[in-house]
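A quick write-up on the structure given underneath.
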Ligand SMILES: C[S@@+](CC[C@H](N)C(=O)[O-])C[C@H]1O[C@@H](n2cnc3c(N)ncnc32)[C@H](O)[C@@H]1O
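Residue numbers (the numbering used here): 3 to 477.
In structure tokens, the structure reads:
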């Protein structure tokens with residue numbers, strides 16, 4: 003028999019389909035009959051069986067039935083994937099979701115589940131991003147779990163060896179840092195492999211061991227439920243809801259939606275990227291009815307004119323060197339509106355100008371409590387440590403600032419200076435180059451302080467000079 007020409011009658015197709023659904027939860031639509039015919043035809047040939055009836059018997063009673071059922075599942079699942087697939091999700095993860103978790107989880111635990119992970123590219127991309135953010139997650143308990151129903155793909159995931167096809171969207175930075183190329187294959191570094199656990203898990207069929215599958219901060223389930231019946235997708239999504247922490251986040255594929263599937267989640271958007279949140283709806287929606295980000299943006303718009311004029315007065319007094327009076331104004335502003343970030347920044351800046359570093363830090367820390375994801379506050383904290391000559395601590399804050407706002411040039415500039423001090427000339431060159439690129443594209447001014455000269459032209463020229471010197475050093 004030539005299995006390529008094997009065909010199933012409608013009752014045979016329905017029988018096999020039912021068997022697969024009941025035993026593995028796998029759902030085959032009419033459109034995939036051709037795929038089942040190819041697989042079953044080939045198995046009949048290999049096992050030397052004469053009919054579908056015999057094959058069904060084999061699947062049910064043969065001592066090798068479990069292996070055969072798995073083989074069928076592995077042959078019928080669609081497992082297309084690659085590293086950093088739908089890159090905008092990973093940008094969202096790196097620049098928004100993870101920094102937010104890092105600032106708001108005193109228990110220092112991070113749990114992420116990649117459901118339907120295929121050969122591991124998705125959970126490993128997540129692991130690389132977390133590795134990049136290690137400055138946020140130092141001392142944290144981090145669990146990344148990848149699950150799939152396809153055993154063959156899970157074996158490949160554990161091996162961590164990939165072909166060119168899997169890395170087609172991976173930047174050269176990640177390739178150089180996290181892979182070794184051997185015999186045309188990309189071997190993922192052991193430290194990233196060790197960050198991910200893999201487990202066989204059928205999203206549809208198995209009752210969830212909820213004791214284990216709970217308290218997730220983030221669940222990725224992308225391009226998986228597109229192959230499910232609507233009723234199964236509804237159950238799976240509701241189970242995700244139960245598995246997530248209260249403020250947990252669910253990412254589904256770009257072509258998928260929870261519309262008419264589940265209304266327990268709320269749709270959120272950040273920089274054009276959509277994701278779902280478990281937490282109850284806040285009051286603020288935008289004109290499209292989407293929930294907008296809750297992070298306080300800076301500069302804070304002052305609502306009370308009194309406070310605004312107090313701050314303006316304080317800044318004027320400070321510029322004239324009348325520090326006591328300026329401090330009085332800032333403190334009054336804080337008393338009037340303790341939830342505004344700007345008065346704390348003004349007071350911090352005043353203390354920093356006077357080199358009263360402990361008070362400056364304490365004021366900025368209060369600002370950070372109000373706006374934990376604000377890049378400028380992190381940067382200003384870094385600057386105080388820089389002035390105190392605690393360069394490593396300063397660099398930590400600059401790194402956080404750069405992750406929180408990739409379009410902010412000053413953290414890159416200072417990181418360049420730090421790497422240069424550390425004699426890490428390549429890194430220094432890259433940091434100055436990144437600062438320059440931002441300045442040329444989107445120059446972003448922040449308030450100047452007397453601690454350093456932030457005239458963009460000066461920074462641009464310094465970056466150019468430093469890059470030239472560093473280039474000569476590496477010749
Ligand atoms: C197209 S891949 C998507 C991989 C990855 N999430 C991505 O977006 O790149 C779909 C994966 O879902 C898995 N899958 C299909 N049905 C499943 C089920 N019932 N339970 C668990 N995994 C399933 C398949 O084995 C396959 O590896």
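Glycine included, each C-beta is placed from N, C-alpha and C at the ideal position.
For residue 167, the shortest C-beta to heavy atom distance toward ligand 1 is 8 Å or greater.
Between the beta-carbon of residue 387 and that of residue 366 there is about 10 Å, and that puts the pair past the 8 Å contact cut. In this structure, residue 353 sits away from residue 138, with a CB-CB distance that is not shorter than 9 Å.
Here residue 308 carries a helix assignment [DSSP, helix/strand/coil]. For residue 258, the distance from the CB to the nearest heavy atom of ligand 1 is not below 8 Å. Relative to the non-hydrogen atoms of ligand 1, the Cβ of residue 87 comes within a distance shorter than 8 Å of at least one. Residue range 143 to 150 is occupied by the beta strand (DSSP E) that includes residue 147. Judged by DSSP in its simplified three-state form, residue 222 adopts strand. Assigned with DSSP and collapsed to three states, residue 433 falls in helix. Residue state for residue 349 is assigned as helix, using DSSP reduced to three classes. Closest in alpha carbon position to residue 340, among 368, 10, 42 and 169, is 368. The closest heavy atom of ligand 1 lies 8 Å or more from the beta carbon of residue 14.
Within 10 angstroms of the beta-carbon of residue 7 lie fewer than 16 other beta-carbons, which makes it exposed. The closest CA to that of residue 175, considering only 438, 458 and 432, is found on 432. Here the region 66 to 81 makes no contact with the region 253 to 271; the two share fewer than three CB pairs at distances below 8 Å. Scanning 309, 246 and 228 for the CA closest to the CA of residue 338 turns up 309. At a Cβ-Cβ threshold of 9 Å, residue 21 and residue 38 do not count as neighbours. Within the same chain, and ignoring the five residues on either side of residue 57 in sequence, the residues whose Cβ sits closer than 7 Å to its Cβ are 42, 45, 46 and 51. Here DSSP, grouped into helix, strand and coil, assigns residue 254 to strand.
Between ligand 1 and residue 117, a heavy atom-to-CB distance of less than 8 Å is present. Contact check for residue 462 and residue 440: beta-carbon distance about 10 Å, past the 8 Å limit, so the pair fails to qualify. Distance from the Cα of residue 184 is smallest, within the candidate group 162, 393 and 129, for 162. The beta-carbon distance between residue 363 and residue 383, rounded to whole angstroms, is 7 Å. This is short enough to meet the 8 Å contact definition. Apart from sequence neighbours up to five positions away, the residues of its chain that approach residue 197 with a beta-carbon distance below 6 Å are 129 and 146, ordered along the chain. In this structure, residue 148 keeps its C-beta atom at 9 Å or more from the C-beta atom of residue 92. By the neighbour-count criterion, in which 16 or more other beta carbons inside 10 Å mark a residue as buried, residue 98 falls on the buried side.
For residue 249, the secondary structure class from DSSP, reduced to helix, strand or coil, is strand. When DSSP states are grouped into helix, strand and coil, residue 199 belongs to the strand group. In chain order, 243 place their CB closer than 6 Å to the CB of residue 266, counting only its own chain and leaving out the 5 sequence neighbours on each side. Residue 155 places its beta carbon less than 9 Å from that of residue 122. Taking 9 Å as the cut-off, the Cβ atoms of residue 73 and residue 151 do not count as close. Secondary structure remark: continuous alpha helix (DSSP H) runs of at least 4 residues inside the region 19 to 103, in chain order: 35 to 49, 54 to 63, 67 to 78 and 89 to 94. Within 8 Å of the C-beta of residue 237 there is not a single heavy atom belonging to ligand 1.
Taking 9 Å as the cut-off, the beta carbon of residue 206 is found no closer than this to the beta carbon of residue 115. 219 is the residue among 219, 464 and 124 whose C-alpha sits nearest the C-alpha of residue 144. Setting aside the 5 residues that flank it on each side, residue 119 is surrounded in the same chain by 125, 148 and 150, each with a C-beta closer than 6 Å to its C-beta; the list follows chain order.
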